[in-house]
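Quick notes on the structure that follows.
Structure (structure tokens):
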């Protein structure tokens, strides 16, 4: 048997019927739902902005690392070309029986070329002094050597 005849709730100790509870719940939801949607939208926007910044930072870091690796690879290629040129320069003076020797070498590595020039001076029948340098692009190398024999 349904309960009827309940009066409207006035004080905290009054009983409420289902309709009054449902109405209170609907009023609370109507008040809270727009705020929840707004808070959720703000949180989503904040998270999206932060993730977009992280993504952009990672993309920038990747591009910077790619550039650095490309630069290092190019420098290694240039050094390889200079090493080849230096060895050809030294080899070109082999067997020349003269107190002064000048050598020139060309070398290449991958798509880079280098030029090396060297000079050797025989100080005595048992000693010689050498100078050499190589150039390739913006890179250069050089060296000095002293040879003795007995």
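Numbering (the numbering used here), first residue to last: 5 to 154. Note that CB positions come from ideal geometry on N, CA and C, so glycine has one too.
- Assignment of residue 134 by DSSP, reduced to helix, strand and coil, places it in the strand class.
- Check the Cα spacing between residue 152 and each of 44, 128 and 107: the tightest is with 128.
- In the DSSP assignment, residue 128 falls within the beta strand (DSSP E) that extends over 116–128.
- Cβ-Cβ distances below 8 Å link residue 41 to nothing in the same chain once the five nearest sequence neighbours on each side are left out.
- According to the DSSP assignment, residue 91 belongs to the alpha helix (DSSP H) that extends over 22–96.
- Distance check between residue 102 and each of 23, 50, 125 and 56 places 125 closest, using alpha-carbon atoms only.
- Contact between residue 65 and residue 116 does not hold, since the beta-carbon distance rounds to 28 Å and is not under 8 Å.
- Its Cα nearest to that of residue 113, the residue 140 stands out among 106, 140 and 132.
- Counting along the chain, residue 145 sits inside the beta strand (DSSP E) bounded by residues 143–152.
- Here the C-alpha atom of residue 27 lies approximately 11 Å from the C-alpha atom of residue 20.
- Where residue 99 is concerned, there is no enclosing beta strand (DSSP E), because DSSP gives it neither an H nor an E.
- The beta-carbon separation of residue 107 and residue 122, rounded to 5 Å, stays under the 8 Å limit for a contact.
- Within a 10 Å sphere around the beta-carbon of residue 36 sit fewer than 16 other beta-carbons, which makes this residue exposed.
- Residue environment: residue 34 is assigned as exposed (fewer than 16 neighbouring CB atoms within 10 Å of its CB, all protein chains considered).
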